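Q: Once you've had a glance at the structure underneath, I'll fire off some questions.
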Amino acid sequence: MKLMTVIVAAAVLALPALAQAQGKSDRIEKREAAQERRIKQGEKSGALTEKEAARLEKGQARIEKKEQKARADGKMTKKERAKIEKAQDRESRKIEREKHDKQTAK
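Under this note's numbering, the residue at position 57 of the sequence shown is numbered 57, and the numbers go up by one with no gaps.
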């Protein structure tokens, strides 16, 4: 009986930590989706050439691959998350630069 109580208590205490970890993963997913939208919007508006958009999409695919690798063991460590977020930062700057350079699709 005591063992069951301890197990239930441990499970209840672990739930907030799992929810927080999921929240951080959701942040990565949301940011990835936002960057994809920015690329699509740049293509639609003509701010990105086909070549620029393809290169940016390739960068997004590399980040997705890193994320899948990090999740492969069922847990994403802080170090893995930091690397993914840093890669997202770099890609975000690339999107910004490419959308605001002098090259246009029109």
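We treat Cβ as the ideally placed atom computed from N, Cα and C, and that holds for glycine.
Please read these numbers as outputs of a predicted model, since none were measured by experiment.
(1) Which residue comes first and which comes last in the alpha helix (DSSP H) that contains LEU56?
(2) Helix or strand or just coil, what does DSSP make of GLY46?
(3) Please state whether DSSP places ASP89 in a helix, a strand or coil.
(4) Check LYS75 in the structure and name its three-state DSSP category.
(5) Can you give me the C-alpha to C-alpha distance between GLY42 and ALA87, rounded to a whole angstrom?
(6) If you count every other CB in all the chains shown that lies within 10 Å of the CB of GLY59, and 16 or more means buried, which is it?
(7) From ILE39, ILE84 and LEU48, pick the residue whose C-alpha is nearest to that of ALA70; which is it?
(8) By how many angstroms is the C-alpha of ASP73 removed from the C-alpha of THR104?
(9) Is GLN68 buried or exposed, if buried means 16 or more other CB atoms sit within 10 Å of its CB?
(10) What do you get for ALA53, buried or exposed, if any count of 16 or more other CB atoms within 10 angstroms of its CB means buried?
(11) By DSSP, does LYS83 sit in helix, in strand, or in coil?
A: Taking the coordinates as given:
(1) 50-71
(2) The DSSP-derived three-state label of GLY46 is coil.
(3) helix
(4) coil
(5) 20 Å
(6) buried
(7) ILE84
(8) 42 Å
(9) By the Cβ neighbour-count rule, GLN68 is exposed, with fewer than 16 other Cβ atoms within 10 Å of its own.
(10) buried
(11) LYS83 falls in the helix class under three-state DSSP.
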